[in-house]
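Mapping to this note's numbering: the sequence shown position 89 is 78, numbers consecutive.
First up is the structure itself, then whatever we jot down about it.
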Amino acid sequence: MRTMQSRGLLVALSVTIVSAVAEAQVELRGRLVSASGTPIPGATVMVGGVGFSLKSDSLGAFTLSGAPGAILNLRFVANGFRSDSASITLDRRQPVAREFILARIDAPEPERNPSTNVLRGRVIDESGQPLSYANIQLNFGRRFISDDSGRFQVPYNISGSATVLVRRIGFEPAELQLQNMPDTALRVEMKAIPVQLKEVVVTGASAYRSLDTYGFYRRMKDVERGINNGYFVTPEDLERRKPNVITQMVEGLPTVRVTGPRGRARGHPLHDVISGSNNCTMTVYLDNIRIQGKLGRADDFVNELVAPNHVAAMEIYPRAVSAPPQYQPLNGTCGVVLIWTK
């Protein structure tokens, strides 16, 4: 009788242990997407060593479970895409969410990246054409732009995971998650934002061709090379923030403030001025015409002359010596602001 009772206790204890182990498992919540962020449905996800596989759903998502701290060796196979693999270490408490990017089978092989401290890549559209003047940010920090061939280089001094954000006007933002420094150049495919236009005939150049004419992008590249030091407000920044008055775009920049005239307290927003250190009024140019910091004449108010929806870009140089020579103020050492209209 005791033997049967003992066996019953052992069976109950065994069931309890198995249940506890099952409850302790941690999920991997994965998602398979293309380089442009489009979900890849029906892809096969294989788990190495156990002979288990499953399919991604209509959103490219899949879920796997494993013991806390376990390493899952995965292989991905999808029609029209190159096969790829990844190793994921499960957390000991929280579910792990990962996005896996598969390259199209007809996409060029990735370029080698021999550097361990410079992240290289290329920005293209869905047809494979390079996209120049795309904005690239690493961990939402300093902004870099792609050249005429769509290529970019970003200093990489981050240990661990990193976020790469790529933006360009007319295209949906692309965000990539890097677990570590890749040994190949990134290939970022951006998806154009569909725009339905009325039946009109348009003749002319790009709406922002003036930025090339005025040298905006050239000076932006100079800052990347350390030739000068300034802050750049791009068309994408203006579109994202949608300011009520244009002086709002400089708020929050180091050593730059928005004040009332002559450094006084702010009153009506239309009479705000852009001030540098020591409350000095910065010299402001509107399409190469000096509107603040004039010699012997009263200044114009920026917000009265400039409507935000007419502005294409801005340049802010907190120190006068950092501004391009042709724009350095003649009557002081305060900073310079360049405003370019569409």
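Ideal Cβ placement from N, Cα and C applies to all residues, glycine included.
- In terms of Cα proximity to G130, the closest of I147, R140, S138 and G117 is I147.
- Looking at the DSSP output, N62 sits in a beta bridge with S76.
- Within the same chain, and ignoring the five residues on either side of V222 in sequence, the residues whose Cβ sits closer than 7 angstroms to its Cβ are M238, A302 and M303.
- The DSSP-derived three-state label of D114 is strand.
- Three or more pairs of CB atoms, one per stretch, sit closer than 8 angstroms, so the segment 53 to 72 contacts the segment 91 to 109.
- Bridge pairing for S54: E16 [DSSP].
- Taking 8 angstroms as the cut-off, the Cβ atoms of N267 and T248 do not count as close.
- Selection T272, K44, F160 and P232 evaluated against V300 yields P232 as nearest (Cα-Cα).
- Taking 4 residues as the minimum length, the alpha helix (DSSP H) runs contained wholly in the segment 186 to 253 are 198 to 202, 205 to 213 and 224 to 230, in order along the chain.
- Collapsing the DSSP output to three states places E164 in a strand.
- Residue nearest to N277 within the set R251, L259 and V325 is V325 (criterion: CA-CA distance).
- Exposed is the label assigned to N106, since fewer than 16 other Cβ atoms lie within 10 Å of its Cβ.
- In this structure, DSSP gives Y316 a helical state, which the three-state scheme calls helix.
- If you ignore the 5 residues before and after A123, its C-beta comes within less than 6 angstroms of the C-beta of V112, S135, V155 and R157, all in its own chain and listed in chain order.
- Contact annotation, I29 with S54: C-beta distance approximately 22 angstroms; criterion of less than 8 angstroms not satisfied.
- When only Cα atoms are considered, M35 and F65 end up about 7 angstroms apart.
- V273 has its alpha-carbon roughly 10 angstroms from the corresponding atom of D289.
- Between S150 and Q166, the C-beta spacing is below 8 angstroms.
- Counted as a single uninterrupted DSSP element, the stretch harbouring E98 is not any beta strand (DSSP E), since DSSP gives it neither H nor E.
- Assigned with DSSP and collapsed to three states, V291 falls in helix.
- V300 carries a strand assignment under DSSP once its states are collapsed to helix, strand and coil.
- The alpha-carbon separation between K180 and C323 amounts to approximately 42 angstroms.
- The secondary-structure analysis by DSSP pairs L259 with nothing; it has no beta-bridge partner.
- Selection P99, L242, P162 and F160 evaluated against L175 yields P99 as nearest (Cα-Cα).
- Around L200, the same chain offers Y206, A301, A302 and W329 as residues with beta carbons nearer than 7 angstroms, after the five sequence neighbours per side are excluded.
- Its chain contains Y220, I305 and P307 as the residues whose beta carbon lies nearer than 8 angstroms to that of L242, once the 5 sequence neighbours on both sides are disregarded; these appear in chain order.
- DSSP, reduced to helix, strand and coil, places A67 outside both helices and strands of the structure shown, so it counts as coil.
- In the DSSP assignment, Q281 falls within the beta strand (DSSP E) that extends over I278 to Q281.
- Residue pairing by DSSP leaves V39 without any beta bridge partner.
- Of the other Cβ atoms in all chains shown, fewer than 16 fall within 10 Å of the Cβ of D137; this residue is therefore exposed.
- Cβ neighbours of Q14 within its own chain (closer than 7 angstroms, five residues either side excluded): S54, G55 and A56.
- Annotation for R87: the continuous beta strand (DSSP E) segment containing it runs V85 to I90.
- A Cβ-Cβ distance of about 12 angstroms is found for the pair R20 and V85, leaving them out of contact under the 8 angstroms criterion.
- Distance from the CA of P314 to the CA of N217, rounded to the nearest whole angstrom, comes to 11 angstroms.
- According to DSSP, V107 shares a beta bridge with P144.
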